[in-house]
Structures are given as structure tokens and as C-alpha cells.
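A.B. asks:
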Amino acid sequence: MFKYFSLWLLVVLLISACSGSSSTTSGLSIPDEFIGTWQTECALSDPNDTTSVYQIITDTISEDSIVSVYAYYLSSDCTSPATPTQKVLTVEPAFSGGRANTSLGSAYEVDLKLLSREIDGQSENAGVGTNIYSLMLLLDNALYYGANSTEFNGMSPAERHSSLDTQSPYVRN
30 MFKYFSLWLL
40 VVLLISACSG
50 SSSTTSGLSI
60 PDEFIGTWQT
70 ECALSDPNDT
80 TSVYQIITDT
90 ISEDSIVSVY
100 AYYLSSDCTS
110 PATPTQKVLT
120 VEPAFSGGRA
130 NTSLGSAYEV
140 DLKLLSREID
150 GQSENAGVGT
160 NIYSLMLLLD
170 NALYYGANST
180 EFNGMSPAER
190 HSSLDTQSPY
200 VRN
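Residue numbers (this note's numbering): 30 to 202.
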């Protein structure tokens, strides 16, 4: 059995290695245009709750991961740190090759697996291993992720986000 598994694994690795540039969308390849550092403007962490803290999110996207740093603030100009001060999420993206039509254009379907979560430097296991089924679109130098809705909360492929969060676009930093 191990012999067949090893052979299967070797075939999969060879096919993956021969798949071409990282601008293809299969497995863990992130399209080249997404690689870099992206940041949101200072905004309420929950736009529907005016008592929530403010945040700036910085995403660093590499060939095999997305590291999201959430910096929290008490003031609307994002100068007075809140407690907790920072949350760091590391996710592993997998692009299926699928596309979804949105109001802004054709977005990539992406499955995001949470690998780690830290609050103010302390590791937390909450949600680690969870998959979120989302969307990503780059348009006019702005990066958009999928938006949660009641019906499309991203918790399964059938509930993949169907629209984009247009309130908090990320710009290349």
C-alpha cells in the first residue's frame, strides 16, 4: 500500500512541478499579481457597530501563504492603540482554478486554511485548521476579498462567498 501511495505522491509532485508559472491557479500557486504587501485604510473593525475598535489590516502574500496582521486602535485616525493591540493570522491559500462573477468582475475562487493565530504575540488555537471558501480579485491596484453574508458565509464550498467586500479594499503597500 505504501508503495502505491509513494508512486501516487511522486506523480502528483511531478505534475505540479510541470504545471508552468505561478500565474496558473491550481494547488497552492498564487497568481503573480497578488504577491506583495497590501493594506487597508483605518476603518471600524465592524462597520455595523460604531462602538467597535478601528483597525488597519496588512496582508503579506507570498507564493504559499498569506499573513494578515490586524492592528487595533481606539481612535479613528489609528494612532491610539487598543487592547488587544494586534492579531496575526497565517493562512494557506489554494486556488482551484474556478472563477466567480461579481459586481466588480471575475474573481478567483480561493480556499483559505487557517494555519496559525496569535493575539498580541500569544498563540491561540481557535479556528486553526478551519477552511474559508472565498474570492479574491485585483482591480485598479485594489485587492478585494469575499464578503460574508447570511447565505454565503464561506464555511463550505456550497457557501463560498459570492460577493466582494467593497468597503475595505487593500492597496499595494
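Backbone N, C-alpha and C define an ideal beta-carbon position, used for all residues, glycine too.
Applying the 10 Å Cβ sphere with the 16-neighbour rule, what's the burial state of Q196?
C.D. replies: So Q196 counts as exposed.
A.B. asks: Along the chain, which unbroken stretches of the beta strand (DSSP E) at least 3 residues long are found entirely within the region 79 to 122?
C.D. replies: 83 to 90, 95 to 102
A.B. asks: Quick check: the Cα distance between S45 and Y102, rounded to an integer number of angstroms?
C.D. replies: Residue confidence is low: S45 scores 31 on pLDDT, short of 50, so the model does not pin down where it sits. Its coordinate-derived value is still stated next. Our two residues, S45 and Y102, have alpha carbons roughly 43 angstroms apart in a direct line.
A.B. asks: Just tell me which of S81, D169, R189, E62 has its CA closest to the CA of S178.
C.D. replies: Residue R189 is the option with its Cα nearest to S178.
A.B. asks: Can you round the beta-carbon distance between L193 and L164 to whole angstroms, since I take them to be within the 8 angstroms contact cut?
C.D. replies: Taking the Cβ atoms as the reference, L193 lies roughly 6 angstroms from L164, within the contact range of under 8 angstroms.
A.B. asks: Per DSSP, what kind of secondary structure is A187 in: helix, strand or coil?
C.D. replies: helix
A.B. asks: Does DSSP classify E62 as helix, strand or coil?
C.D. replies: Note: E62 maps to helix in three-state DSSP.
A.B. asks: Candidates I86, T66, F63, Q68: which alpha carbon is nearest S74's?
C.D. replies: I86
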